[in-house]
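Numbering (our numbering), first residue to last: 1346 to 1631. Think of the CB as a built atom: it goes at the ideal place given N, C-alpha and C, for glycine as much as any other residue. To start, the structure itself, in structure tokens.
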């Protein structure tokens, strides 16, 4: 079957690429997630959103195979990821967590090259395919001109883009990103969201990202999972998930949901509390 046909079939069938079944995630005796079922569609961009402490990052770590569930199973294409070796899993799932650390003096080019580790044997040399993957990752993230710069000499936004380039060089089918817009200014946030769209629509990637901006998630994601206290409150297309009732239940904030005049997606406008309105000076006072 041709690649375009697979893309179309996956989108029409809503095929699940990555799933958590009855997940229980805990740190010692403290459970963060209990009995969670989550299904992430293939070749789509899924955003995990929810307040701090809702379990977003913990769930992402579990889906990446970096945290063993205390109960339940994580499935990749219907197969338990616990059956895969670390290298085999890394060939299929790329992950970028918050606050990654690199050795002092490491250049951007060397960092991106580390993304090829899962594809290389102990005795295999650097191949043309490895170089092509790194060149493409640098190009897509706009970091080619930084390849010879030390990572610790860059701004926070530049470092974040370099780490994303490393993840892309891995060329895995699934990409998991924990708050990828951290340290990025507005221009580069938009560029990153557009890059994710390109990876999904043109390269057939399955991307899952933890995001804090509700409207950013609604505008760019195909699928949203709304989380609160380790449980799934709602999941589905943004138009089905983003409602005033759901936002108030999860974030404890009253809001108005309108149609984004540019994108046609849900736009959440928080409503001020009475106490905030009372404190504002009137136009006559200003």
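Check, Outcome
"Where residue 1509 sits in the DSSP three-state scheme", "helix"
"Three-state secondary structure assigned by DSSP to residue 1533", "helix"
"Contact under 8 angstroms by Cβ, residue 1429 with residue 1364", "no"
"Cβ shell of residue 1610 (< 6 angstroms), same chain only, five flanking positions each side left out", "1563, 1564, 1583"
"Given 8 angstroms, three or more beta-carbon pairs between the region 1411-1427 and the region 1522-1539", "no"
"Inside the region 1397-1479 only - alpha helix (DSSP H) runs reaching at least 4 residues", "1401-1408, 1431-1437, 1453-1458"
"Backbone CA spacing between residue 1585 and residue 1568 [nearest angstrom]", "10 angstroms"
"Nearest-angstrom Cα separation, counted from residue 1427 out to residue 1462", "20 angstroms"
"Neighbourhood of residue 1493 by C-beta, 7 angstroms cutoff - its chain only, sequence neighbours within 5 removed", "1452, 1454"
"Unbroken beta strand (DSSP E) run spanning residue 1372, endpoints", "1361-1372"
"Beta-carbon gap between residue 1644 and residue 1442 smaller than 8 angstroms", "Given that the chain is displayed from residue 1346 to residue 1631, the structure contains no residue 1644 and the question cannot be resolved."
"Check whether residue 1459 and residue 1511 have beta carbons under 8 angstroms apart", "yes"
"Other residues of its chain near residue 1380: CB distance less than 6 angstroms, five sequence neighbours each side excluded", "1367"
"Cβ neighbour criterion (16 or more within 10 Å) applied to residue 1530", "exposed"
"Cβ-Cβ distance between residue 1521 and residue 1434 below 8 angstroms", "no"
"N- and C-terminal bounds of the alpha helix (DSSP H) containing residue 1563", "1559-1565"
"Straight-line gap, residue 1393 to residue 1541 (C-alpha atoms, nearest Å)", "15 angstroms"
"Run of the alpha helix (DSSP H) containing residue 1587, from where it starts to where it stops", "Run containing residue 1587: none; DSSP gives neither H nor E here."
"Beta-bridge pairing of residue 1573 - partner residues as DSSP gives them", "1576"
"Residue 1380 (DSSP reduced to helix, strand or coil)", "strand"
"First and last residue of the uninterrupted beta strand (DSSP E) at residue 1393", "1390-1394"
"Beta-carbon spacing of residue 1571, residue 1591 below 8 angstroms", "yes"
"Reduced DSSP category for residue 1617 - H, G, I as helix; E, B as strand; rest coil", "coil"
"Candidates 1399, 1391, 1389: closest to residue 1376 by CA position", "1399"
"N-terminal and C-terminal residue of the beta strand (DSSP E) that residue 1634 is part of", "This structure gives no information on residue 1634, because the portion of the chain shown stretches from 1346 to 1631."
"CA-to-CA distance, residue 1539 to residue 1581, given in whole angstroms", "20 angstroms"
"Assigned secondary structure, residue 1581 (DSSP; H/G/I helix, E/B strand, else coil)", "strand"
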